[in-house]
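The next block holds one structure in the form of structure tokens; read it before the comments.
Number of protein chains: 2
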Amino acid sequence: MSLPHVLLGMLAEPASGYDLKQRFEQSVRYFWYAELSQIYPALAKLEKQGLLRSKQAPSDKGPSKKIYTRTGKGKRALQEWLSDGPVLRTERLAYLTQLFFLDEIPNARRIEFMQELRDDFAQRLEELKLIERNWASEDARFPDNLPDGELVKHMTLRSGLMKYAMMVEWCEECLGRLESRQESTGHRNSRNRKVS
Amino acid sequence: MSLPHVLLGMLAEPASGYDLKQRFEQSVRYFWYAELSQIYPALAKLEKQGLLRSKQAPSDKGPSKKIYTRTGKGKRALQEWLSDGPVLRTERLAYLTQLFFLDEIPNARRIEFMQELRDDFAQRLEELKLIERNWASEDARFPDNLPDGELVKHMTLRSGLMKYAMMVEWCEECLGRLESRQESTGHRNSRNRKVS
DNA sequence: GGCGACTATATAACTATTTACATAGTGTTC
DNA sequence: GAACACTATGTAAATAGTTATATAGTCGCC
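Quick note, the sequences are listed as chains B and E, same order.
Take the first sequence: its letters are residues 93 to 288, numbered as in the working numbering.
Take the second sequence: its letters are residues 93 to 288, numbered as in the working numbering.
Written out as structure tokens, the structure reads:
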């Protein structure tokens with residue numbers, strides 16, 4: 093439902109399937125993910141529908157590339173998707189359902205679970221902070237003089253920064269509650285930060 | 093990958109497929125969703141694997157039910173899933189990828205997009221606040237004297253409350269940035285709250 | 001007594017996603 | 001020169017999830 097549109101969005105600049113996968117890994121990965129085996133057929137289908145056009149091009153490394161370009165029809169399809177308003181599909185957060193049933197394992201295990209979660213979120217937060225720092229050094233020093241394309245990308249990044257900062261805080265709050273319980277049953281548990 | 097475990101978690105108390113769907117709609121819906129057509133085959137498979145047991149039972153309304161009970165093996169499978177640590181599957185947030193490409197439509201449309209998003213998040217926040225209020229009146233007045241099962245459920249609810257409150261704030265921040273741009277190009281746009 | 005709403009279970013067809021495999025060129029390292 | 005890593009494109013098989021449809025009992029309404 094969304095992958096074809098995501099590809100149309102990423103093809104503001106022409107690229108091959110392989111290139112697109114790289115782009116996914118750079119920035120989009122924080123909110124969308126696709127395997128190469130999903131990208132290639134999706135591109136072929138979009139071309140068949142006339143939303144993309146392709147041409148072969150030699151590669152400096154490895155076999156020749158198939159460069160896809162967005163057609164006018166493709167651009168309009170993207171704009172339509174964006175104009176239809178936000179797509180809020182049913183989110184599935186496995187870690188929250190796990191937490192919901194976490195009383196089925198001993199408290200010491202619950203603490204380990206939340207520590208692992210906190211460390212994962214903290215790591216993602218650091219990754220995003222790094223992206224912001226590298227970016228800011230270039231042209232985002234004055235966030236509201238950014239060109240349109242940069243502004244929306246900065247807003248997307250902000251949502252990630254705010255989200256993961258909040259999640260880390262929430263994990264700490266949960267750990268506090270679980271650990272107070274641990275103490276009251278006679279056990280001790282130092283609040284070690286697990287760094288992998 | 094996760095649905096069978098979610099079902100095992102929800103079967104702390106015996107229930108039929110139909111019952112489970114109702115339970116999904118009550119609380120779990122905020123972080124997991126499943127269609128009946130997904131639940132029935134999943135239950136049948138779990139029974140075949142010996143993680144569940146079923147018996148027919150008459151219903152007060154409609155045809156007879158098939159009540160599933162978790163076996164010892166089923167409980168251990170759930171505990172294993174929980175002990176393996178948090179499952180952080182690749183999240184897909186279509187609305188963030190839309191935002192990422194939102195420079196492809198005019199600024200007035202971008203503002204509408206963010207307003208719609210804010211209103212959706214605000215509505216979910218109100219739903220969760222209502223759940224908390226109803227709950228608090230019963231036994232969550234002293235959040236840290238809760239029994240284990242209630243504690244983890246309260247922690248799950250907290251994450252939703254914090255998340256949606258943050259998302260609404262973030263939308264407001266984005267709207268501010270988009271609207272200042274709108275003004276500077278000579279247009280006006282009142283910050284109307286769209287209530288459906 | 002027919003209709004619609006709700007309870008209850010299930011299958012079929014389709015779309016989306018993941019995992020595994022197949023193929024081939026290019027460059028580096030042992 | 002063999003092995004390995006990386007570039008490059010794809011297919012096949014399996015799993016997960018959605019949408020549509022079928023069947024059947026109960027209850028209340030008109």
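Think of the CB as a built atom: it goes at the ideal place given N, C-alpha and C, for glycine as much as any other residue.
DSSP puts residue i in a beta bridge; with which residues?
i                 : result
Thr292 of chain B : Since the displayed chain B opens at 93 and closes at 288, residue 292 of chain B lies outside it and no answer follows.
Ala107 of chain E : E:Tyr160
Quick one: Cα of residue i to Cα of residue j, how far?
i                 : j                 : result
Pro106 of chain B : Gln130 of chain B : 18 Å
Gly252 of chain E : Tyr122 of chain E : 8 Å
Asn281 of chain B : Asn237 of chain E : Any answer about Asn281 of chain B is weak, because its pLDDT of 49 lies below 50 and its placement is not dependable; what the coordinates show is given next. Near 20 Å, if we compare the C-alpha coordinates of Asn237 of chain E and Asn281 of chain B.
His97 of chain E  : Leu188 of chain B : 13 Å
Ser288 of chain E : Ala257 of chain B : Only weak support exists for where Ser288 of chain E lies, its pLDDT of 48 falling under 50; the value from the coordinates is given anyway. So the alpha carbons of these two residues sit roughly 31 Å apart.
Gly109 of chain E : Lys140 of chain B : 42 Å
Asp152 of chain E : Pro239 of chain E : 32 Å
Glu172 of chain E : Phe193 of chain B : 12 Å
Leu243 of chain E : Cys266 of chain B : 9 Å
Ala136 of chain E : Glu127 of chain E : 15 Å
Arg201 of chain E : Ala104 of chain B : 19 Å
Tyr125 of chain E : Ser94 of chain E  : 11 Å
Leu174 of chain B : Lys245 of chain B : 15 Å
Ser119 of chain E : Ser272 of chain B : 26 Å
Asn199 of chain B : Ile159 of chain B : 54 Å
Asp176 of chain B : Gly164 of chain E : 49 Å
Lys255 of chain E : Cys263 of chain E : 12 Å
Arg181 of chain B : Glu183 of chain E : 11 Å
Gln190 of chain E : Glu275 of chain B : 47 Å
Asn226 of chain E : Lys147 of chain E : 34 Å
Glu117 of chain E : Glu117 of chain B : 35 Å
Counting only the same chain and skipping the five closest in sequence on each side, list residues whose C-beta sits under 7 Å from that of residue i.
i                 : result
Leu249 of chain B : Leu220, Ile223, Glu224
Leu112 of chain E : Leu99, Met102, Ile131
Val260 of chain B : Arg210, Phe213, Ala214, Leu217
Ala134 of chain B : Leu95, Pro96, Leu99
Can you tell me the Cβ-Cβ gap for residue i and residue j, rounded? I've got them flagged as a contact below 8 Å.
i                 : j                 : result
Val179 of chain B : Ala169 of chain E : Incorrect: roughly 34 Å between the Cβ atoms, too far for contact.
Leu270 of chain B : Ile197 of chain B : Contact flag wrong, Cβ pair sits at about 12 Å.
Gly241 of chain E : Asp195 of chain B : 4 Å
Can you list, in chain order, the residues of its chain whose CB lies under 6 Å from that of residue i, leaving out five sequence neighbours each side?
i                 : result
Thr161 of chain B : Pro106, Arg145
Gly166 of chain B : Leu100, Leu143, Leu144
Lys157 of chain E : Ser108, Ala149, Ser151
Met206 of chain B : Cys263, Cys266, Leu267
Gln114 of chain E : none
Leu138 of chain E : Pro96, Leu144
Which same chain residues end up closer than 8 Å to residue i when comparing Cβ atoms and leaving out the 5 residues on each side of it in sequence?
i                 : result
Met247 of chain B : none
Could you tell me whether any non-hydrogen atom of the ligand GDP is closer than 7 Å to the CB of residue i?
i                 : result
Glu204 of chain E : The ligand GDP is absent from the structure shown, which contains no ligand whatsoever.
Contained alpha helix (DSSP H) runs [length at least 4] in the region 171 to 200 of chain E, N- to C-terminal order: 186 to 192
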